[in-house]
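Visitor: First the structure, then my questions, so here it is.
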Amino acid sequence: MSLTKEQMITLYTNLVRADRFGKMMYSRMMQGKLIGFYHPADGAIAPGVGACSFLNDDDILFPHHRGHGITHMLSKGIDVQPYIAEHAGKATGCCRGRAAWHYAFPEHNVYGTTAYIGHNFVPVTGFGWAAKRNAKGQVVMNCFGDGAMGTGRAHEGLLMSSIWDLPIVHLCENNGFAIFAEAEEMHPTEDMATVAQGLDIPSVVIDGQDVFAVAEAVNAAVDSARSGGGPTFIEAKTLRFKEHDIGNRDLRGWKPRPQEEYDEMHKRDPVLLATERVLEDKILTQSVIDKIHQDAEAEVDAAVQFADESPIESPTEEELLADVYAPR
Amino acid sequence: MRPIGIIANPASGKDIRRLVASGTVFSNQEKINIIVRAILAMDAMGVERVVIMPDPSHMAERVIKKLRSRLSTTCVEVLELPYLLGTWQDTVQSVGAMRDLDCASVVVMGGDGTSRVAAKASDDMPLIPVSTGTNNVFPQLVEGTLVGLAAAAVATGAVASGAACARAPRLELSIDGEFRDIALVDLAVVDAANTAARAVWDPLAIKEIFLTCVSASNIGLSAIGGFLPGVEIGEDEMLHVTLGDGGLEVMAPIAPGLLSRLSVTSYEKVRSCEVVRVSNRSAMVALDGEREIAILDGQDADIRLSRRGPVVVNIHKALRLAVASGNYCRDLPQSFAVA
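Heads up: the sequence lines are chains X and E, in that order.
Heads up, this note's numbering is the position in the first sequence plus 108, with the first residue counted as 1.
Heads up, this note's numbering is the position in the second sequence plus 211, with the first residue counted as 1.
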């Protein structure tokens, strides 16, 4: 039923790693050491960690764009060094420094993130169809936000996953915002799960700040999909601690978010909540927790050093055109 | 006239039992519609003031928007709270504030868990628990309009509060001699390392259960007692059921659509003056179906039945008494006079 002690430790470790990587990415973007954009995931790391820490290698993952999917991908087991190198535009990046934050790790069955909100529903439906046809017990993890639920692609994708009974777990990471627009201004219902329920997809709403609650719900959904139960929809209510992307102001509608809002939000920091839980339930001691934080810091430092020391690729014209769909 | 309070749990009816069982998602839109219908009924009966708990989903504000220009006597307000956490503590805080406002009663919309939280702060203020949850043994499944009429009957004095209300029992949990929490329907000791998704849905994890009511028409963990043949408990008793290998196999609906076969090794009736020590160590205690508190190695957990539970309005009884007193008739002729 519920998570084992070992699973809780895995989740806690991945949560701390995701938190450290997120903070490092924010800092390096501010220093001008990353290329492209950065959409911080601070405050919203529990859904990705909870959803992806126990996926199988051959399960397919379309991560959320927030945090550029690092929470999801490191939990699924990708090597973070080529991830950071990619975002720095280095030749050792997972896409040889050409994709910035539109990563792919095909060897881990990680595809996306796309630049178009809601676009993931299209390939996800195809992968879901393939997984069903392959009958190897693969599951597709589809991560997106409340903003995506305003797109036609999302509604079509949900519809097709339902009528075709596809093994897809739809994970809606609802932080209440689409850039500046509040979800309550953009949707007639605050629970996106009710939309999926209307399409006959089993749907739940969970606390997206609680990594353990996310993992238990997702594990149940994955088990269901793997055993032929079809799609499920999990809405993880989460928070966005920072601006939509670095360089933009952090607005609620047209107004800056007040300090009191930040103060209240930080009481529900997912790392804080998880730390309280593992200490209270005697899952970890403070000294082990400290070691987990130190290890995460060392992992981040090593990844940064790897990216810094990696060369920038200087491809020939022929090499540049080798990886595009429509070569001249 | 005393005001009426309304608590609507925005999180009720949405948990993991939609995945692992066949529970229905109870949308906040439907909760809003129920509140609207209840307030329209209160307005028709002359209720002057209704206060609604605020929540991060702004259900109260949406109720007020829907009721705009439809009310003649009732003023509907959003309860003012110093802060909002988006957790169960909002309910505790709101019930306390409604008690301070001297509310005649508080309508509590949710499942057993929501009623439990409201009962922590209600003291002698009557609750009207209404089912919008998953397992609903404590709340009553009644159309919102009738809920509003029953609440109005008590608030306007058409029915004496004492005539329609009764105090419910509660289970009290103490750990190492210190009072920790309550349950209204069931308290379960489960083999789990964490609270995680909270709901209890794995029958193999359930080791002990304590029940305030036993009925074959219950759903949830209390059904385990309800489906034991020939078992009944009196008002001053709880049922203590122990589960394990090699016992009597009993099938019971522990969640909507989830019929589980459980092995009951023993059961006993326990009177309210007695305390039962939990035999399982290093386990999780689930209160009204939700994992809440860990019993750690070396800790002693004790359970007792208490008659100090919340005061509850019986909706059917309140309506029956209000009808009998001619509350819904204009110029009632003497020939219709009732006792």
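Beta carbons are placed, not taken as given, at the ideal position from N, Cα and C, and that holds for glycine.
Model, not experiment: these values are computed from the prediction.
(1) For the beta strand (DSSP E) containing residue 125 of chain X, list its first residue and its last residue.
(2) Using the beta-carbon of each residue, which ones in chain X are nearer than 8 Å to residue 242 of chain E?
(3) Does DSSP put residue 343 of chain X in a helix, a strand or coil?
(4) Mapping the DSSP letters down to three states, classify residue 110 of chain X as helix, strand or coil.
(5) For residue 174 of chain X, which option in X/200, X/334, X/211 and X/186 has the closest C-alpha, if you only look at C-alpha atoms?
(6) Going by beta-carbon coordinates alone, are residue 493 of chain E and residue 504 of chain E separated by less than 8 Å?
(7) Any beta-carbon of chain E closer than 8 Å to the one on residue 154 of chain X?
(8) Could you please give the first and the last residue of the uninterrupted alpha helix (DSSP H) stretch that includes residue 401 of chain X?
(9) Checking 8 Å against the spacing of the C-beta atoms, do residue 346 of chain X and residue 151 of chain X come in under that value?
(10) Along the region 121-151 of chain X, where does the CB come closer than 9 Å to a CB of chain E? Name the residues.
(11) Would a check of beta-carbon distances place residue 358 of chain X closer than 8 Å to chain B?
(12) In this structure, how does DSSP classify residue 211 of chain X when only helix, strand and coil are distinguished?
(13) I need the DSSP call for residue 539 of chain E, collapsed to helix, strand or coil.
(14) Measuring CA to CA, which of E/346, E/335, E/312 and E/315 is closest to residue 323 of chain E?
(15) State the beta-bridge partners of residue 480 of chain E as determined by DSSP.
(16) Let me know if residue 247 of chain E comes out buried or exposed under the rule of 16 or more other beta-carbons within 10 Å of its beta-carbon.
(17) Leaving out the 5 sequence neighbours to the left and right, which residues in its chain are closer than 7 Å to residue 351 of chain E when beta-carbon positions are compared?
(18) Can you check whether the C-beta of residue 162 of chain X is within less than 8 Å of a C-beta belonging to chain E?
(19) If you count every other CB in all the chains shown that lies within 10 Å of the CB of residue 255 of chain X, and 16 or more means buried, which is it?
(20) From the DSSP output, which residues share a beta bridge with residue 363 of chain X?
(21) What are the residues in the region 264-283 of chain E lying within 8 Å of chain X by C-beta distance?
(22) Using three-state DSSP, classify residue 418 of chain E as helix, strand or coil.
(23) Round the Cβ separation of residue 179 of chain X and residue 126 of chain X to the nearest angstrom and send it over; I've been treating them as touching at under 8 Å.
(24) Does DSSP put residue 432 of chain E in a helix, in a strand, or in coil?
(25) Quick one, are the C-beta atoms of residue 249 of chain X and residue 274 of chain X less than 8 Å apart?
(26) What first and last residue would you give for the beta strand (DSSP E) that runs through residue 183 of chain X?
(27) Report the residue from X/315, X/421 and X/208 whose alpha carbon sits nearest the alpha carbon of residue 382 of chain X.
(28) Between E/269, E/260, E/234 and E/220, which lies nearest to residue 300 of chain E when the distance is taken from Cα to Cα?
(29) Over the uninterrupted alpha helix (DSSP H) stretch that includes residue 251 of chain E, give me the two end residues.
(30) Interface residues of chain E around residue 312 of chain X at Cβ under 7 Å?
(31) What does a CB cutoff of less than 6 Å around residue 550 of chain E pick up in its chain, not counting 5 residues either side in sequence?
(32) For residue 166 of chain X, report the span of its beta strand (DSSP E) as first-last.
(33) Can you find the residues in the same chain that come closer than 7 Å, C-beta to C-beta, to residue 356 of chain X, ignoring five residues on each side of it along the sequence?
(34) Looking at residue 471 of chain E and residue 460 of chain E, is the spacing between their C-beta atoms short of 8 Å?
(35) I want to see whether chain X comes within less than 8 Å of residue 483 of chain E, judged by CB atoms only; does it?
(36) Alpha carbon to alpha carbon, what distance is there between residue 333 of chain X and residue 243 of chain X?
Guide: This is what the structure holds:
(1) Note, residue 125 of chain X: premise wrong, no beta strand (DSSP E); alpha helix (DSSP H) at 113-138.
(2) At a beta-carbon threshold of 8 Å, none of the residues of chain X lie near residue 242 of chain E; the nearest stands roughly 11 Å away.
(3) Secondary structure at residue 343 of chain X: strand, using DSSP grouped into helix, strand and coil.
(4) coil
(5) X/211
(6) no
(7) no
(8) 394-417
(9) yes
(10) none
(11) In summary, chain B is missing from the structure at hand, where the protein chains are X and E.
(12) Coil, per DSSP.
(13) coil
(14) E/346
(15) E/450
(16) The residue is buried, with at least 16 neighbouring Cβ atoms inside 10 Å.
(17) 340, 341, 342 and 526
(18) no
(19) buried
(20) X/360
(21) 268 and 269
(22) strand
(23) 4 Å
(24) coil
(25) Not closer than 8 Å, so no.
(26) From DSSP, residue 183 of chain X is part of no beta strand (DSSP E) but of the alpha helix (DSSP H) over 178-184.
(27) Among X/315, X/421 and X/208, the Cα nearest to that of residue 382 of chain X belongs to X/315.
(28) Nearest Cα to residue 300 of chain E within the set E/269, E/260, E/234 and E/220: E/220.
(29) 239-255
(30) 225, 226, 227, 229 and 230
(31) Confidence is the limiting factor: at residue 550 of chain E the pLDDT is only 49, short of 50, which leaves the residue's position unreliable and the question unanswerable from this model.
(32) Taken as a continuous stretch (DSSP letters only), residue 166 of chain X belongs to no beta strand (DSSP E), as it is neither H nor E.
(33) none
(34) no
(35) no
(36) Going by C-alpha positions, residue 243 of chain X is about 11 Å away from residue 333 of chain X.
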